[in-house]
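One structure is given below, encoded as structure tokens.
This is the structure in structure tokens:
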């Protein structure tokens, strides 16, 4: 496939899936994203973003980087950003939808791996402001917007492993002591420490990886 999801070789009727799980309707040639349809020949959705400008300035636009970003519902990762804005943690420089990315402090994949544990200790809010932070999406923006030491663009396997290991330690302690309140408090403290570390200024601009 090319960068816009158009099939270069093969037959969509045999394997009807494109990037990010889009399902091709052989009759219309459009790709289904649950909330709207995508035209890979034009490189755009055929209807406006249902969340309006919260999803970005280009209402019909495809995800800005098909190699690193996925948008399986045609909505983008807007819910976390919406909750950050409501909590008064919005951006103060640049254009939010262009220059920043809303980052899950406990990454979504790591959260899903531990959802049974989190449910048991009543730890909630995967998309809450407590579990998010806005980070610049490039080294240049990180330097311009106050000297952030970290910017977010693409996957971050090392960071996810770090968070995963810390959660494993909290869970191991919980299995020994069985204290749900303590485990929940430790998770909340972990979120705060991670947000503080990610918001650190100075020391150059390195990509979160």
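In my numbering, the protein residues as written are 178 to 386. All C-beta atoms, glycine included, are put in the ideal place defined by N, C-alpha and C.
A Cβ-Cβ contact shorter than 8 Å links residue 318 with residue 271. Collapsing the DSSP output to three states places residue 225 in coil.
For residue 325, the secondary structure class from DSSP, reduced to helix, strand or coil, is strand. Its Cα nearest to that of residue 276, the residue 321 stands out among 370, 351, 206 and 321. In this model, residue 308 and residue 224 are separated by some 31 Å (Cα to Cα). In this structure, the alpha-carbon of residue 292 lies about 25 Å from that of residue 262. As computed with DSSP, residue 278 is found in a beta bridge with 312. With respect to residue 333, residue 386 sits close: the two C-beta atoms are nearer than 8 Å. Within the same chain, 278, 280, 312, 314 and 385 come within 7 Å of residue 329 by CB-CB distance, once the 5 residues on both sides are set aside. With fewer than 16 other CB atoms across the displayed protein chains lying within 10 angstroms of its CB, residue 352 is exposed. Using a Cβ distance threshold of 8 Å, residue 375 and residue 310 count as a contacting pair.
Of the residues 369, 286, 368 and 260, the one whose Cα lies closest to the Cα of residue 306 is 260. CA-to-CA, the gap between residue 378 and residue 327 works out to about 8 Å. Counting along the chain, residue 216 sits inside the beta strand (DSSP E) bounded by residues 214 to 216.
Here the C-alpha atom of residue 268 lies approximately 11 Å from the C-alpha atom of residue 323. Fully enclosed alpha helix (DSSP H) runs of no fewer than 4 residues occupy 285 to 290 and 292 to 297 of the stretch 281 to 305, in order along the chain. Rounded to whole angstroms, the Cβ separation of residue 299 and residue 361 is 6 Å, and the two are in contact under 8 Å. Per DSSP, reduced to three states, the secondary structure at residue 272 is coil, with no helix or strand assignment.
Straight-line measurement puts the Cα of residue 273 at about 26 Å from the Cα of residue 301. A direct Cα-Cα distance of roughly 25 Å separates residue 296 from residue 373. Rounded to the nearest whole angstrom, the CA to CA distance from residue 346 to residue 381 is 31 Å.
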